[in-house]
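Participant:
Numbering (the numbering used here), first residue to last: 1 to 204.
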């Protein structure tokens, strides 16, 4: 790697916002091995923080030290690199939408990419490969809502659960896609969404 390539990497990092996540692939067409070496050098110099193997962040600093990216931000950065689709699954989907406040120790994503695991501090991000039909939804939030409700289970739906569903659908109406997307949901979830959508329309 020549100095011009190294400077190109450093310049891109300097221009980026604090909180930006970098991987060796972030500097294509520069060889990823060379980029990885520069990222490691910058981490040693305190310019970047190593989050996990091959994953770095330009830190946002607080009085307590660097503010690390969330596991969700890291997962999305990896998916962007791999040009893969992602859906948080199980309790991860519940936490993502606010049904629970506790971030799972094992964060699970369904992905159109490769199955793998990342160790992030004391947490693990698990990517589970699924077939393309898993990602047939047009909207972004409704498929996550379906997975969250499936994780909660039909017999465990409470008024509090429905209040969260109302808030999610109110904030993310996805008007152009939701009616088509609910065709992919189980019938009991489809009924919940249709009923709450009707309530939202009544209050407008």
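Glycine included, each C-beta is placed from N, C-alpha and C at the ideal position.
Counting C-beta neighbours from all protein chains within 10 Å, is the total for residue 151 16 or more, i.e. buried, or is it exposed?
Facilitator: buried
Participant: Which value, in whole angstroms, describes the spacing of the CA atoms of residue 95 and residue 3?
Facilitator: 45 Å
Participant: Unbroken beta strand (DSSP E) runs of length 3 or more, entirely within the region 6-92: which are they?
Facilitator: 49-52, 55-57, 60-62, 65-67, 86-88
Participant: Tell whether a beta-carbon distance below 8 Å holds between residue 111 and residue 86.
Facilitator: yes
Participant: On the DSSP bridge list, what partners appear for residue 106?
Facilitator: 124
Participant: Let me know the secondary structure DSSP gives residue 119 once reduced to three states.
Facilitator: strand
Participant: With residue 171 as the anchor, note down where its alpha helix (DSSP H) starts and where it stops.
Facilitator: 159-171
Participant: In the structure shown, what three-state DSSP assignment does residue 114 receive?
Facilitator: coil
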